[in-house]
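In what follows, a single structure is set out as structure tokens and then discussed.
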Amino acid sequence: MRTAKRGAFIVLEGCDRSGKSSQSRLLYEFLTSNGYPAKHMHFPSRTTEIGSTINSYLKNSKELNDQVIHLLFSANRWEFLKEMQNLLNTGTTLIVDRYSYSGVAYSVAKGMDFDWCMAPEKGLLRPDAVFYLKAPIDYLIQRDDFGRERYEKKDFQSKVANVFDRLCEEQTEFWHSIDASQSEAVVFEDIRLKAMSVLNKAKHKPLCLL
Ligand code: T5A
Ligand code: NA
1 MRTAKRGAFI
11 VLEGCDRSGK
21 SSQSRLLYEF
31 LTSNGYPAKH
41 MHFPSRTTEI
51 GSTINSYLKN
61 SKELNDQVIH
71 LLFSANRWEF
81 LKEMQNLLNT
91 GTTLIVDRYS
101 YSGVAYSVAK
111 GMDFDWCMAP
121 EKGLLRPDAV
131 FYLKAPIDYL
141 IQRDDFGRER
151 YEKKDFQSKV
161 ANVFDRLCEE
171 QTEFWHSIDA
181 SQSEAVVFED
191 IRLKAMSVLN
201 KAKHKPLCLL
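Here the sequence shown is numbered in the UniProt record's numbering, starting from 1 and rising by one per residue.
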């Protein structure tokens, strides 16, 4: 049976200030200006009720226990599952700034169990590619505004990086490490080339679940 060509599901991950928002915006703009249907998304999506609770937590104006905030971050992704599925199946490429891997990395960095953290992500869509923006923490903490939100502390970010490193080593078939300490333009060139290859391959592959 012939199926319509689907869009690609591309995720950008990395520590705080690694450039995910800048690079995902550049990629989205590049794709749309070259005629590829695309949508730019960001997790947490602070626009829903769950997202607004997450926002209060990140801004340190609300306290929640570690399990509760973990499940809220995950629930926030579940809120968008149907929409993401529909967009991908109708040919739109999704450029997503953070996803389940941030959910796992930040909670595991607190000392929580990896499998427990991954469990609520099961059944969400699996990305075609994860671009992991990696740079030394000492370098990232010098970027603008570092330290404003809850998790922006050097020791904690090092633990987060260890989890991302582990995920990247274990899932080499779809994780791509990107040197995020280069200039914005050089980082983007790397991402753009990799993204075009992912777009071409995704057309012929079924969507999978985590
Ligand atoms: N979180 C998130 C969880 O704990 N669980 C979850 O499930 C999820 C989804 C908020 C927090 O939530 C946690 C992780 C986070 O701690 P967020 O809303 O994505 O997550 O955080 P933001 O504050 O929006 O974004 P980040 O701090 O992660 O920054 P970005 O998006 O990585 O970086 P960006 O592009 O905004 O750039 C940061 C600064 O660096 C400069 C930019 O101009 C900017 O000033 N910059 C560069 N400078 C030099 N060279 C380059 N190549 C540069 N690229 C960017
Ligand atoms: Na941040």
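Beta carbons: idealized from backbone N, C-alpha and C, even for Gly.
Quick caveat, the model's predicted, so the values are computed rather than measured.
From the options, pick the residue whose C-alpha is nearest to that of residue i; which is it?
i	options	result
residue 179	12, 6 and 5	12
residue 142	21, 17 and 118	17
residue 83	34, 174, 125 and 121	125
residue 115	210, 78 and 40	210
residue 168	199, 182, 130 and 197	130
residue 101	29, 65 and 160	160
residue 81	65, 70 and 122	122
residue 51	75, 176 and 66	75
residue 134	193, 28, 181 and 145	181
residue 49	117, 79 and 194	79
residue 200	93, 177, 39 and 85	93
residue 58	40, 153, 39 and 8	153
residue 66	117, 165 and 206	117
How would you label residue i, buried or exposed, when you count the other beta carbons within 10 angstroms and need 16 or more for buried?
i	result
residue 14	buried
residue 87	buried
residue 2	Its pLDDT being 42, under 50, residue 2 is placed unreliably in this model, and the value from its coordinates should be taken loosely. Residue 2 comes out exposed.
residue 155	exposed
residue 208	exposed
residue 24	buried
residue 228	Only positions 1 to 210 of the chain appear in the structure, and residue 228 is not among them; the question remains open.
residue 204	exposed
residue 172	exposed
residue 185	exposed
residue 202	buried
Measure how close the beta-carbons of residue i and residue j come, nearest whole angstrom, since I'm counting them as under 8 Å.
i	j	result
residue 44	residue 73	6 Å
residue 96	residue 10	7 Å
residue 105	residue 163	4 Å
residue 191	residue 158	No, residue 191 and residue 158 are not in contact; Cβ-Cβ is about 24 Å, not under 8 Å.
residue 198	residue 128	5 Å
residue 20	residue 98	6 Å
residue 46	residue 60	Not confirmed; about 15 Å, so no contact.
residue 150	residue 91	Residue 150 to residue 91, Cβ: 38 Å. No contact.
residue 249	residue 70	Because the chain is modelled from 1 through 210, residue 249 falls outside the range shown and cannot be assessed.
residue 26	residue 188	5 Å
residue 132	residue 176	7 Å
Taking 7 Å as the line, does the beta carbon of residue i fall inside it for any heavy atom of the ligand T5A?
i	result
residue 180	yes
residue 155	no
residue 149	yes
residue 106	yes
residue 103	yes
residue 73	yes
residue 20	yes
residue 187	yes
residue 43	yes
residue 52	no
residue 58	yes
residue 144	yes
residue 35	no
residue 184	yes
Does residue i come within less than 8 Å of chain D when only Cβ atoms are used?
i	result
residue 34	Judged by its chain identifiers, the structure shown contains no chain D, having just a single protein chain.
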